[in-house]
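Asks: In order, the protein sequence lines correspond to chains L and Z.
If you count by the working numbering, then the first sequence holds residues 1 to 205, one letter each, in order.
If you count by the working numbering, then the second sequence holds residues 1001 to 1205, one letter each, in order.
Cβ atoms here follow ideal geometry from the backbone N, Cα and C, with glycine treated the same way.
Note that the structure is predicted; figures quoted are calculated from it, not measured.
Number of protein chains: 2
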Amino acid sequence: MKPKAKERMPTRIQKKNRAAILEAALNVFSAHGFRGATVDQIAAEAGLSKPNLLYYFPSKEAIHAALLSGLLDTWLDPLRALDENGDPLEEILAYVRRKLQMSKELPRESRLFANELVQGAPRIHDTLSSDLKALVDEKAALLERWMDQGRIARVHPYHLIFSIWSLTQHYADFDVQVRAVLGDEDPFEGAGPFIDTVYRKLLAP
Amino acid sequence: MKPKAKERMPTRIQKKNRAAILEAALNVFSAHGFRGATVDQIAAEAGLSKPNLLYYFPSKEAIHAALLSGLLDTWLDPLRALDENGDPLEEILAYVRRKLQMSKELPRESRLFANELVQGAPRIHDTLSSDLKALVDEKAALLERWMDQGRIARVHPYHLIFSIWSLTQHYADFDVQVRAVLGDEDPFEGAGPFIDTVYRKLLAP
DNA sequence: CGTGAGTTTGACCAGATGGTCAAATCACCA
DNA sequence: TGGTGATTTGACCATCTGGTCAAACTCACG
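#1: Listing by chain order, which chain L residues have their CB less than 9 Å from the CB of G1036 of chain Z?
#2: With distances taken between CB atoms, is the gap from A121 of chain L to Q1119 of chain Z smaller than 8 Å?
#3: Using a C-beta cutoff of 8 Å, does A1114 of chain Z count as contacting chain L?
#4: Measuring straight from C-alpha to C-alpha, what distance separates A204 of chain L and T197 of chain L?
#5: Report yes or no: is there a C-beta of chain Z within less than 8 Å of the C-beta of V176 of chain L?
#6: Expressed to the nearest angstrom, what Euclidean distance is found between the alpha-carbon atoms of K4 of chain L and P10 of chain L?
#7: Measure the C-alpha to C-alpha separation of L1067 of chain Z and L1022 of chain Z and round it to an integer number of angstroms.
#8: So, does the CB of V1132 of chain Z fall closer than 8 Å to a CB anywhere in chain L?
#9: Could you check if I13 of chain L is buried or exposed, using at least 16 other CB atoms within 10 Å of its CB as the buried criterion?
#10: Should the region 148-157 of chain L be called in touch with the region 170-181 of chain L, which here means at least 3 C-beta pairs below 8 Å?
#11: Mind checking whether I161 of chain L and A140 of chain L have CB atoms under 8 Å apart?
#12: So that I know if they touch, is there some Cβ in chain Z lying closer than 8 Å to that of D77 of chain L?
#13: What is the rounded straight-line gap between the Cα of L142 of chain L and the Cα of P78 of chain L?
#14: Check whether the region 100-109 of chain L and the region 166-176 of chain L are in contact - that is, three or more C-beta pairs closer than 8 Å.
#15: Only counting the same chain, and skipping five residues up and downstream in sequence, which positions put a Cβ closer than 6 Å to that of A114 of chain L?
#16: Rounded to whole angstroms, what is the Cα-Cα separation between G36 of chain L and D1040 of chain Z?
#17: So which residues of chain L does A1191 of chain Z contact, with C-beta pairs closer than 7 Å?
#18: Run the CB neighbour count on A1134 of chain Z, radius 10 Å, all protein chains shown included, and call it buried at 16 or more, exposed below.
#19: Would K1201 of chain Z count as contacting chain L if we go by Cβ distances under 8 Å?
#20: Are any of the Cβ atoms in chain Z nearer than 8 Å to that of H64 of chain L?
#21: Buried or exposed for R1145 of chain Z, please, with buried defined as at least 16 other CB atoms from any protein chain shown within 10 angstroms of its CB.
#22: Is the beta carbon of K1060 of chain Z less than 8 Å from the beta carbon of K201 of chain L?
#23: Any beta carbon from chain Z within less than 8 Å of R145 of chain L's own beta carbon?
#24: Distance check for I1042 of chain Z and N85 of chain L, CA to CA, integer angstroms please.
#25: Got a sec? Which residues, its chain only, sit under 7 Å from D1175 of chain Z by beta carbon, not counting five neighbours each side?
#26: Within 8 Å of any Cβ in chain L, is that where the Cβ of R1012 of chain Z sits?
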């Protein structure tokens, strides 16, 4: 039997409104940063009045925190998927491609994190040096094993990971700049093959 | 004889205070973004009262604009220095090294631009699609010529330039993340050789 | 020195912003 | 259908923020 929960099930309306708020907040926070976003703006975009929005989340901070922690997993999933048992180069290329695809399909999420990081990550610093560091340590060790086995070329494993982040997220985070330079050309059209080549040549044993 | 200028020479005090304000503004804007920075904060950091600061610059916007336009040249100088007459690979590697050094020595400047770009560059969009685009077009054409001559491997020249920007500026813009993962290790220690290797392997004809 | 330009400041303002609250309205089901 | 808890809102508040202004002060130079 179900132990009676202190917290009740979320109602249909709660589910709908919470989702609408997070969606709107993602738009606004990713476009203007935490400080640049206003509660009114988020409320308007979610189709709610400000007091109504604050009925669902206790504060602006809370919305932001909910967004970040809710998205962090999604964000790191591709790295988690790096599989010890796969072919090293193909595993890494798959990771790169997934990350680039995320830049294309989830640019708001990327910019949300970029905004936070570029300003010193005041609200997620702890998560970075615990969860993120642990995951990267683990995967860097895997990369190092592959290098020891001569299955990919030897490079600094941490900087290899950083390079994948920077090369792929660049297209989401600095989208305006990329488009200003490229004009009409679709950035991802050329980026995919380019980055692919980078890692094929870099990691060829 | 000197034509009498409508505008007088800046006094000693003007020079000192303008410089102090821009220095303080660079600190504050790069750490908090335009919206997150307050005039009081900048004034305090510059050792002036708010009204006094606004005696030297007419508005917060004006300080930000002065900073950006003053720094844009510095920022693009390394790319401008890419020399048609040098050895292609060495020229590109020199560009990469200069950019990485700038990330190390001028991280505030890098983050100032990063903050602006990640939020859609509302205040420098025009400069990007005119000046920046023109410069990149010119240098991309040079890279293409080098490729035509078989002096470096053929890759998408624009994405080659983007990759240099992203790989190097990553270490300034996302400094907290890099340090959270690396712990005590100096990021630039490993980044230099790593990025060097990337471009040597990528561009070997 | 005295004087006018250059510099500094306390007091102030209007608008924006995050957040509160009591009252009104709505949705569900016994 | 009535009642109860969930939802919504208009009015309001305190604080922050960019910016103004007149008055006071300082400096350089004749």
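Replies: Let's see:
#1: For the purposes of this step, residue 1036 of chain Z is taken as residue 36 along the second sequence, with counting starting at 1. Correct list: G33, F34, R35, G36, Q119.
#2: Here residue 121 of chain L refers to the residue found at position 121 of the first sequence. Here residue 1119 of chain Z refers to the residue found at position 119 of the second sequence. Taking 8 Å as the Cβ cut-off, A121 of chain L and Q1119 of chain Z do not qualify as a contacting pair.
#3: Taking the second sequence and counting its residues from 1, one reaches residue 1114 of chain Z at position 114. Interface residue, yes.
#4: The residue given as residue 204 of chain L occupies position 204 in the first sequence. The residue given as residue 197 of chain L occupies position 197 in the first sequence. Those two C-alpha atoms are separated by around 11 Å.
#5: The sequence position of residue 176 of chain L within the first sequence is 176, counting from 1. Judged by the 8 Å Cβ criterion, V176 of chain L is in contact with chain Z.
#6: Taking the first residue of the first sequence as position 1, residue 4 of chain L is located at position 4. Taking the first residue of the first sequence as position 1, residue 10 of chain L is located at position 10. For K4 of chain L, the predicted structure reports a pLDDT of 33, less than 50, and the residue's modelled location is therefore unreliable. A value from the coordinates is still provided. K4 of chain L and P10 of chain L: Cα-Cα distance of roughly 15 Å.
#7: Taking the first residue of the second sequence as position 1, residue 1067 of chain Z is located at position 67. Taking the first residue of the second sequence as position 1, residue 1022 of chain Z is located at position 22. C-alpha separation (whole angstroms): 7 Å.
#8: Within the second sequence, the letter at position 132 stands for residue 1132 of chain Z. Looking at the sequence provided, one finds Leu at residue 1132 of chain Z rather than Val. For L1132 of chain Z, the closest Cβ of chain L is nearer than 8 Å.
#9: Numbered from 1 along the first sequence, position 13 holds the residue referred to as residue 13 of chain L. Exposed, by the Cβ-count rule.
#10: no
#11: Taking the first residue of the first sequence as position 1, residue 161 of chain L is located at position 161. Taking the first residue of the first sequence as position 1, residue 140 of chain L is located at position 140. Yes. Within cutoff.
#12: Translated into the one-based positions of the first sequence, residue 77 of chain L becomes position 77. No, because no Cβ of chain Z sits closer than 8 Å to the Cβ of D77 of chain L.
#13: On the first sequence, position 142 is the one that residue 142 of chain L refers to. On the first sequence, position 78 is the one that residue 78 of chain L refers to. Cα to Cα, L142 of chain L sits roughly 15 Å from P78 of chain L.
#14: At 8 Å Cβ cutoff, the stretches touch.
#15: As a working mapping, residue 114 of chain L is identified with position 114 in the first sequence. If you ignore the 5 residues before and after A114 of chain L, its C-beta comes within less than 6 Å of the C-beta of D173, all in its own chain and listed in chain order.
#16: Position 36 of the first sequence, counting from 1, holds the residue named residue 36 of chain L. Position 40 of the second sequence, counting from 1, holds the residue named residue 1040 of chain Z. Approximately 17 Å between the Cα atoms of the pair.
#17: Reading the second sequence from its first residue, position 191 is the one you call residue 1191 of chain Z. Residues of chain L passing the Cβ test: H159.
#18: For the purposes of this step, residue 1134 of chain Z is taken as residue 134 along the second sequence, with counting starting at 1. Its Cβ having fewer than 16 others within 10 Å, A1134 of chain Z is exposed.
#19: Walking along the second sequence from the start, residue 1201 of chain Z turns up at place 201. Judged by the 8 Å Cβ criterion, K1201 of chain Z is in contact with chain L.
#20: Reading the first sequence from its first residue, position 64 is the one you call residue 64 of chain L. Cβ-Cβ to chain Z under 8 Å: no for H64 of chain L.
#21: Counting from one through the second sequence, the residue named residue 1145 of chain Z turns up at place 145. Classification for R1145 of chain Z: exposed.
#22: In the second sequence, residue 1060 of chain Z corresponds to position 60, counting from 1. In the first sequence, residue 201 of chain L corresponds to position 201, counting from 1. Going by C-beta atoms, K1060 of chain Z is not nearer than 8 Å to K201 of chain L.
#23: Start at 1 with the first residue of the first sequence, and residue 145 of chain L comes out as number 145. So, not an interface residue.
#24: In the first sequence, the residue the question calls residue 85 of chain L occupies position 85. In the second sequence, the residue the question calls residue 1042 of chain Z occupies position 42. Distance between the alpha carbons of N85 of chain L and I1042 of chain Z is about 54 Å.
#25: What you label residue 1175 of chain Z is simply residue 175 of the second sequence in a count that begins at 1. Excluding residues within five positions, the ones whose Cβ falls inside 7 Å are P1107.
#26: For the purposes of this step, residue 1012 of chain Z is taken as residue 12 along the second sequence, with counting starting at 1. It does not; no Cβ of chain L falls within 8 Å.
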